[in-house]
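For the sequence shown, our numbering assigns the number -12 to the initial residue and increments by one for each residue that follows.
Heads up, the thing below is written out as C-alpha cells.
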Amino acid sequence: MEEPIDSQAEEEEEEKETRSQQLARLNPLLLEASRKNVTSEILSLIEEMADPCVEDSNQWSPLMWASNHGNEPVVRSLLEQNCHATYQQSAHTRRKCTPLHWAAFRGHLKVCWLLLKQKISPLEVDALGNTVLHQAAAGGSLEVTSAILSQGADVFKLNKRGHTPFDMCTVVPVQKLLKHCMMAPTCHISGRGFSSTVLRFLCSWTHVLVCREACSRMWAFENPTKTEREQPMTLAKDAKDIVDHAEMLLEKSTASGKLEDVIAALDNAEGKPVDCKIKQTAKKLRQKLESTIRLKEAMANKSIIKNDVAEIIEADALVMAAENLARAIQDAIRRRVEKPLTDEAANLRRRLLCEASLTRYFRATPKLTVGYIRYFQELIDTCEREAGNKHLLTLSTAMRKRISAEREMTLKFDEVEHLCLLSSITEVPPEDKKYPSWIEDEDVEVFSGFQEQYVKDVEYGRETESSPELIEKCEKQLAILEDLLIEQRQILEEVNLKKKKGKKSKK
C-alpha cells in the first residue's frame, strides 16, 4: 500500500527551495550595493526579501558597510530589522569588529548615536584589540571621541600592539581631550579611583570625569524638531541637579505666562544642556509675548485716535501707522498671538488706510467732476463701514455735498451764461448752440422748470456753505433769468392773443 502524499509538506519544501534560491540571487547583490553605498538599491533589495543580516567571508554585513559609509537612512532601516543583535555584548559569536568601530573611525557621529542606543558596546575590541575609543581617537573626530568617552571608557586600555587611544591620535584637540581624561585619577564627585574596572565617564557638559555611580546617562533630542531621543548625554550628578533646576524654571515660567519669568528662565538656561523641546517652548512663548506687546504698542500709536475725537490726522502719519501695524500683525501671526487680537489689529489697520485715503481727498483741491464726486462718496462709505473717525466723516460728507452743489450751480451757470448777457430774449440768434435748446423752441415750461431747479441748487449751495462768489454770480444770473422768463411769457401771451383775434376775424 502506497504512503499518502503530504502535499503541504511538499509545498513547504518547494517554498524553502524557492526562498533559498531567492537568497542566493539577492544576497550577493545586497552586499555589492552595500559596498558601493547605493541607498536606493540597498533598500529595494531589502524590500525584495534579501537577508539584511547577510555577511561576506570577511564578516562584512550591510550594517557594517552602512556604518562605514555613514549612511544614516540605511542604518536606521537595518536597525529596525534587528540587524544589530549579532553585535551586541550578549551575542556569543566572536566578531573581528563591530559597526560602531567603523562609524567611530570614520567620524559618523549620528550613526554612532544610533548604534550606541542599540546597546552595541564601546568597550568591545576588534581583531587587533582596539576598543571603539581607539578607533575614534585614530579617526580624529572630537565630537565622536567625546560621545564615546561619555559612555564610559578605559583611557589606558592597550591594544595588541601596546597602544593606548592617545597613542593612536594625531589630532591636537582630541589629544587634549584624551590627556584631560588621563590626568583625572579619581571621580570628581565620589573621589573613587579610576581603573580598568572603574571606568571614566566624561560629563557631556562640564567635561569632568566621574564614575558610573556619580553620573546620570540619558538620551536627548538632537533638536526640537526630532521625535526620538537619539543623542547620548552623560551628566555628573551636580551638573544634573543644575540642569534639572533650569528645566524646572523653564516649565514653571511657561506655565505662568509672564514675560519677565520666561526671560529670566531662558537667561538661566543659557549654556546649559537643558531639554531642547522645553527650551524651545519657552522661546516661542517669549516671542509670542514680546510680539503681543509690540502689536499693542503699534495699535496705541499716537496717530491712532479714537473715532469720536474731533481731530484729523494727516494721511502720511496714518499710512505710516498702518505700515507699522502691518509688520506687527505679520510678526504676531507668525508667533501665534491670539487671533482675536490680530483680528482687532487688522480691522484697525483697514480703518487707518481708509482714513488716510479719505483725508487725502479731503485735503486735496476738489474737482467738480462726476467721477471725483462719486469716488469721494465711495471713500466716505468705506470709511463709515470701517468705523472711521466721525469728525473726518462729518467734514468729508459736508465737503462732498458742497462740491456736488457747486457742480450743479456751475453747470447751470455755464448753460445760460451767454443767454444772460442779452438784454432781451428776442436777441437770441437762431440755431446758435451757445444757447439752450429750449430758448429756441420757445418752451416756457422748460425754461420755468430750469429756473426753478436753478433756484433750488443755489439754496442748496447756501446750505452746504458753497463758494460765496459762485453763489453771488448765480444769484445775478437768476435775476436776469427771471426778467427773461417774464419777457418770454409776455411774448407767448401776445402770440396767443393774436392767434385768437385772427380766428375771430375769420368767423
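Just so you know, even glycine gets a beta-carbon here, dropped at the ideal spot from N, CA and C.
CA-to-CA distance, residue j to residue i, given in whole angstroms
i    : j    : result
I426 : E469 : 14 Å
T397 : P353 : 14 Å
M169 : A201 : 18 Å
T413 : E480 : 15 Å
S525 : L30  : Given that the chain is displayed from residue -12 to residue 494, the structure contains no residue 525 and the question cannot be resolved.
L87  : L103 : 8 Å
S278 : P327 : 14 Å
F208 : E365 : 58 Å
G127 : L96  : 12 Å
L339 : V296 : 14 Å
N55  : K144 : 24 Å
A72  : W100 : 16 Å
L10  : E42  : 12 Å
P260 : C370 : 55 Å
N294 : R336 : 13 Å
V159 : Q138 : 22 Å
A14  : A114 : Per the sequence presented here, residue 14 reads as Asn, with Ala not at that position. If I take the Cα positions, the gap works out to 25 Å.
N58  : S48  : 13 Å
F92  : S133 : 13 Å
S183 : R323 : 55 Å
V415 : L406 : 7 Å
E395 : R387 : 12 Å
E111 : L165 : 19 Å
L355 : S435 : 25 Å
S44  : V119 : 23 Å
Closest Cα partner of residue i within the set the options
i    : options                : result
V442 : E429, T451, A466, E452 : A466
Y359 : D444, R389, A304, L102 : R389
V431 : L18, R476, C461        : R476
D228 : S453, V142, I176       : I176
S290 : I280, K275, A309       : A309
Q218 : E301, E284, C263, A53  : C263
A304 : K283, I316, L115, T346 : T346
L246 : D231, M220, G258, I280 : I280
A333 : E402, I292, A285, P49  : A285
E34  : M220, N210, L16        : L16
E462 : E474, Q440, I478       : Q440
K213 : R12, S191, Q267, G180  : Q267
L66  : G94, D231, N45, Q105   : Q105
Simplified DSSP state of residue i, which is helix, strand or coil
i      : result
E(-11) : Confidence is the limiting factor: at E(-11) the pLDDT is only 48, short of 50, which leaves the residue's position unreliable, though a coordinate-based value still follows. Of the three classes helix, strand and coil, the one that applies to E(-11) here is coil, per DSSP.
Q477   : helix
L222   : strand
R204   : strand
V161   : helix
G139   : coil
R281   : helix
R187   : strand
T132   : helix
G180   : strand
S7     : helix
L196   : strand
T268   : helix
T451   : coil
T212   : coil
T413   : helix
T346   : helix
T85    : coil
T118   : coil
T352   : coil
T381   : helix
Interface flag, residue i vs chain B, CB-CB below 8 Å
i  : result
Q8 : No chain B is part of this structure, which consists of one protein chain only.
Cβ shell of residue i (< 7 Å), same chain only, five flanking positions each side left out
i    : result
Y74  : R82, T85, P86, I107
A20  : E28, I29, L32
R216 : W206, A207, F208
A392 : D444, Y447, G448, T451, S453
I265 : E234, L237, E238
M155 : H121, A124, A125
N288 : A308, N311
L380 : I367, C370, E371
R179 : T173, V185, C198
Other residues of its chain near residue i: CB distance less than 6 Å, five sequence neighbours each side excluded
i    : result
V249 : S240, A269, L272, R273
M51  : P86
C174 : V197, C198, A201
N376 : N294, E342
R350 : none
N311 : A285
A302 : A343, T346, R347
Own chain, CB closer than 8 Å to residue i, minus 5 neighbours either side, in chain order
i    : result
L484 : none
F400 : L457, K460, C461, Q464
#### Entry: Contact the stretch 442 to 462 vs the stretch 408 to 420: 3+ CB pairs below 8 Å
no
### Message
Three or more C-beta pairs under 8 Å: does that hold for the stretch 150 to 162 against the stretch 109 to 124?
### Response
yes
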